[in-house]
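Undergrad: The following block contains the structure, expressed as C-alpha cells.
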Amino acid sequence: MLPMSFVKLQRLVRLFANRVRLPDGLALGNMRSLQELVAINFTPEVIEEIGDLKDLRVLRIIVNYPDMVDGTWNFWERFLMSLERCTNLQDLYMETNLPTECSLDCMQYVPSGLQRFMSSHILMTAFPRWINSTTLSSLTTLSIQLSSDADLLPHHLEKLAELPSLRFLRLWSGGIWKLQKFSIPSCACAFRCLRHFYFHSSWMFLTFQPGALPELQRLCLCFDPRLERNNLNDFGLKNIHSLRHVVIKFLSVEPENRQEVEAEVREALKDNPNHPSLELLFLG
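Below, the structure is given as C-alpha cells:
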C-alpha cells in the first residue's frame, strides 16, 4: 500500500505498480499531472477521484471482488460516471480478480479519443450500446466478454464491423442457446483494418464471404463442431486472402473423431492462396 504522503508528488506523470493498493482517503485528484496509472488496485473510496485527472491518457485498474459486494453503492456505476470526466483517455484496461458480471451500458459519454479498451474477468450482461463507429472512431483494440445471459446478435457484429480503425478484436460470447450464423461481408466498410480476430462462441458460427477481412493476418476461432459438422467446409477460410495464421479451438470433440474434424478443416483451408499455417486445439 502506498503511503498517504504519496500525493505530494504532484508532478508525477506515470505511475506503474504491481497490484499496489491505494489507501482510503488518498487525495488522488490532487495529482493532476498524472497521465498514466497502470496496475493499480483501486478501492471504492478512491475510484471517484479518477475523474479529476484531466490529463489521464492510460488507465489500468484492478478491482478485488470483496470491494464490489457492498450493497450501499454500485461500484461500476460510480466508476463509469467518474470515467466520463476523463475526456483525454486513450487506453483503458479493467480487471477483476474473479469473474464478475456487470453492466457497462450506463455510460453516457465515451472519451472520443479512446484507442484501446480491454477487460479481463468482466462478464458484460449486455452488449454495450456505446460500441459504435460514431463514438469510437479511433478505437484500434477491443477485448470484451459477454456473460451467459447476454445475447450476441448479428447486429452487434455489424456494429463491430463498422469501427473504422479497429485492428485487434477479441470477443467471447457465452449466450444464445441455439445456433446462430453470421456471414462476414466483403463490403469495403466491414472490418476494413482488422488484422487480428479472436472469436470464442459455442453457438455462433461465422462464415466469410469472398473479399472479407482484407487485412486480416491472424484468425482464432473457438466453437463446438458438433453443431455444424456438415458445414466445416463452408467457413469460407479460403476467402481471406491475407491470412497468415489460423488457430481453431474445438470444444467437446471425442478423441476418436478428432482426426476426421482436422481433415475437414484442412480441406476448408487448402484453397486459400496465401497458404496460412494452421493450429488445431481440442479442449475437453
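If you number the sequence shown the way UniProt numbering does, the last residue is 284 and the count never jumps. Here a beta-carbon is modelled for each residue, glycine too, at the ideal position from N, C-alpha and C. No experiment lies behind these values; they were computed from the predicted model shown.
Can you look up residue 172 in the DSSP assignment and give me helix, strand or coil?
TA: As a position in the sequence shown, residue 172 is number 172, starting the count at 1. In the structure shown, residue 172 sits in a strand (DSSP, three-state: E or B).
Undergrad: Can you list, in chain order, the residues of its chain with a C-beta nearer than 8 Å to that of residue 20? Leave out the 5 residues immediately preceding and following it.
TA: Counting from one through the sequence shown, the residue named residue 20 turns up at place 20. Counting only Cβ-Cβ distances below 8 Å, and skipping sequence neighbours, we find 1, 2, 39, 40 and 41.
Undergrad: Between residue 82 and residue 29, what straight-line distance do the alpha-carbon atoms span, to the nearest angstrom?
TA: For the purposes of this step, residue 82 is identified with residue 82 of the sequence shown, where counting begins at 1. For the purposes of this step, residue 29 is identified with residue 29 of the sequence shown, where counting begins at 1. Rounded to whole angstroms, residue 82 to residue 29 spans 11 Å at the Cα level.
Undergrad: Just confirm the distance between the C-beta atoms of residue 252 and residue 214, as a whole number of angstroms; I'd bet it's less than 8 Å.
TA: Your numbering for residue 252 matches position 252 in the sequence shown. Your numbering for residue 214 matches position 214 in the sequence shown. That pair is no contact at about 33 Å.
Undergrad: Pull up the distance between the alpha-carbon of residue 71 and that of residue 274, whole angstroms please.
TA: Taking the sequence shown and counting its residues from 1, the one referred to as residue 71 is at position 71. Taking the sequence shown and counting its residues from 1, the one referred to as residue 274 is at position 274. In this predicted model, residue 71 has a pLDDT of only 45, less than 50, meaning its place in the structure is not dependable enough to derive any value.
Undergrad: Short of 6 Å in beta carbon distance, which residues of its chain neighbour residue 283, apart from the five on each side in sequence? Order them along the chain.
TA: Residue mapping note: residue 283 aligns to position 283 of the sequence shown, counting from 1. Once the five neighbours on either side are set aside, the close Cβ partners of residue 283 are 249 and 251.
Undergrad: Would you be able to state if there are at least three C-beta pairs under 8 Å between the segment 159-170 and the segment 103-114?
TA: The segment 103-114 is not in contact with the segment 159-170.
Undergrad: Quick one: what does DSSP say residue 119 is sitting in, helix, strand or coil?
TA: Taking the first residue of the sequence shown as 1, we reach residue 119 at position 119. If DSSP states are grouped into helix, strand and coil, residue 119 belongs with the strands.
Undergrad: What does the alpha-carbon distance come out to for the pair residue 277 and residue 185?
TA: The count along the sequence shown starts at 1 and reaches residue 277 at position 277. The count along the sequence shown starts at 1 and reaches residue 185 at position 185. So the two alpha carbons sit approximately 23 Å from each other.
Undergrad: Report buried or exposed for residue 37, applying the criterion of at least 16 other Cβ atoms within 10 angstroms of its Cβ.
TA: The sequence position of residue 37 within the sequence shown is 37, counting from 1. Under this definition residue 37 is a buried residue.
Undergrad: Say whether chain C places a C-beta atom closer than 8 Å to the C-beta of residue 82.
TA: Included in the structure is just one protein chain, with no chain C present.
Undergrad: Apply the 10 Å Cβ neighbour rule to residue 201 and answer buried if 16 or more other Cβ atoms are within range, or exposed otherwise.
TA: As a working note, residue 201 is residue 201 in the sequence shown. Counting Cβ neighbours within 10 Å, residue 201 comes out buried, since at least 16 surround it.
Undergrad: How many whole angstroms separate the CB atoms of residue 102 and residue 125, which I take to be in contact at a CB cut-off of 8 Å?
TA: By 1-based counting over the sequence shown, the position of residue 102 is 102. By 1-based counting over the sequence shown, the position of residue 125 is 125. Yes, they are in contact, since the Cβ atoms of residue 102 and residue 125 sit about 7 Å apart, within 8 Å.
Undergrad: Looking at the unbroken beta strand (DSSP E) that takes in residue 265, where does it start and where does it end?
TA: Within the sequence shown, numbered from 1, the residue matching residue 265 stands at position 265. Looking at the DSSP string, residue 265 is not in any beta strand (DSSP E); the run it does join, the alpha helix (DSSP H), is 258-269.
Undergrad: Starting from residue 22, follow its DSSP beta bridges and name the residues at the other end.
TA: By one-based count along the sequence shown, residue 22 stands at place 22. Per DSSP, none; premise fails for residue 22.
Undergrad: Which first and last residues belong to the alpha helix (DSSP H) in which residue 154 is found?
TA: By one-based count along the sequence shown, residue 154 stands at place 154. Taken as a continuous stretch (DSSP letters only), the alpha helix (DSSP H) holding residue 154 covers 154-161.
Undergrad: Determine whether the beta carbon atoms of residue 139 and residue 172 lie at a separation below 8 Å.
TA: As a first step, residue 139 is located in the sequence shown; it is residue number 139 there, counting from the start. As a first step, residue 172 is located in the sequence shown; it is residue number 172 there, counting from the start. Cβ atoms of residue 139 and residue 172: not closer than 8 Å.
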